[in-house]
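S.K.:
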Amino acid sequence: MKMFITIQNKTVPVYSDEKNKKKFNLLKSALEAKVSKGRNAIKKCLDSIISIEIIGCEAILHSLNERDSLALSLY
1 MKMFITIQNK TVPVYSDEKN KKKFNLLKSA LEAKVSKGRN AIKKCLDSII
51 SIEIIGCEAI LHSLNERDSL ALSLY
């Protein structure tokens, strides 16, 4: 399933194998917290993010530079 989320005025596709609104809301709140209070590695990833993949209870943040991609726990 493909949904879209807006991060720092960018629309980013979110891919998931199931339609779960709870995980999507957890992802939104986690990303909002990381934008304001996150470390430099997370902010660097969010600056060049191209897509997000939700697998189980984790979100994989894919960025333009493969080294900047991160896994983020939703719980």
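Residues in the sequence shown are numbered consecutively from 1, following UniProt numbering.
Note that beta-carbon positions come from the ideal geometry of N, C-alpha and C, so glycine has one too.
(1) What does a CB cutoff of less than 6 Å around K34 pick up in its chain, not counting 5 residues either side in sequence?
(2) Using a 10 Å radius around the Cβ and a threshold of 16 neighbouring Cβ atoms, would you call L31 buried or exposed?
(3) At which residues does the alpha helix (DSSP H) containing S36 begin and terminate?
(4) Work out the CA separation of M1 and residue 78 for me, nearest whole Å.
(5) Looking only at its chain, what residues have a beta carbon closer than 7 Å to the beta carbon of K63, apart from the 5 residues adjacent to it on each side?
(6) If you draw a straight line from the C-alpha of S73 to the C-alpha of E58, how long is it?
(7) Between the Cα of G56 and those of T6, I5, T11 and D17, spot the shortest distance and give me the residue it belongs to.
(8) Could you pull out every residue in the same chain whose Cβ sits closer than 6 Å to the Cβ of I5, ignoring the five residues on either side in sequence?
M.R.: Well, looking at it:
(1) I42
(2) buried
(3) K21 to K37
(4) Residue 78 is absent from the model: the chain starts at 1 and stops at 75.
(5) Checking the sequence, you will find Ser at residue 63 rather than Lys. If we look at S63 and ignore the five residues flanking it on each side, its Cβ neighbours are C45, S48, I49, I50 and S69.
(6) 5 Å
(7) D17
(8) V12 and V14
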